[in-house]
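Numbering (my numbering), first residue to last: 76 to 197. From the three backbone atoms N, C-alpha and C, an ideal C-beta is built for every residue, glycine too. Reviewing the structure listed below.
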């Protein structure tokens, strides 16, 4: 899966995804940190990348209709520490592996104890 890691995510998340066979790029590595949400999602759309973010703005299906994008994954953790985010990503990986086709055109809201899917394939 081709992934774009938002600037609000720990940089170590890139390694977690790459170590499991995903192609992960970060906003930082591409020098686009500070760009607007609209610019970021347009870049993801152009590159056919799934956006992974902590930014709840992307969970607004009216502003970011999931069917227009490769996929959006919003992680929701109470404690946004590096450890908590990486723990949640590690919980997400097996689900992604078994449901990779379900991300396309959908919004996944990933919480510590559940995943909600909204969009065309939900």
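Check your understanding: Could you give the residue range of the beta strand (DSSP E) that holds residue 151?
Key -> Numbered from its first residue, the chain shown carries residue 151 at position 76. Where residue 151 is concerned, there is no enclosing beta strand (DSSP E), given that its DSSP letter is neither H nor E.
Point to revise | Three or more C-beta pairs below 8 Å linking the region 96-113 and the region 148-155 | key: no
**Study point:** Beta bridge counterpart(s) of residue 79 as assigned by DSSP
**Key:** By one-based count along the chain shown, residue 79 stands at place 4. Answer by DSSP bridge pairing, in chain order: 100 and 126.
Check your understanding: CB residue 129 to CB residue 119, shorter than 7 Å?
Key -> Within the chain shown, numbered from 1, the residue matching residue 129 stands at position 54. Within the chain shown, numbered from 1, the residue matching residue 119 stands at position 44. Cβ distance not < 7 Å, so residue 129 and residue 119 don't count as in contact.
Check your understanding: Secondary structure at residue 94, three-state DSSP: helix, strand or coil?
Key -> Residue mapping note: residue 94 aligns to position 19 of the chain shown, counting from 1. In the structure shown, residue 94 sits in coil (DSSP, three-state: anything other than H, G, I, E or B).
Point to revise | Bridge-paired residues (DSSP) for residue 182 | key: Residue mapping note: residue 182 aligns to position 107 of the chain shown, counting from 1. In DSSP, residue 182 forms a bridge with 147 and 193.
Exercise for review: Throw me the rounded Cβ distance for the residue 170 and residue 190 pair, which I believe falls under 8 Å.
Suggested key: Numbered from 1 along the chain shown, position 95 holds the residue referred to as residue 170. Numbered from 1 along the chain shown, position 115 holds the residue referred to as residue 190. About 6 Å separates the two Cβ atoms, so the contact holds.
**Study point:** Exposed unless 16 or more other CB atoms sit within 10 angstroms - verdict on residue 136
**Key:** Locating residue 136 in the chain shown gives position 61, counting from the first residue. Under this definition residue 136 is an exposed residue.
Exercise for review: With a cut-off of 8 Å on the beta carbons, I'd call residue 142 and residue 76 a contact; round off their distance for me.
Suggested key: By 1-based counting over the chain shown, the position of residue 142 is 67. By 1-based counting over the chain shown, the position of residue 76 is 1. Not a contact, Cβ separation roughly 18 Å.
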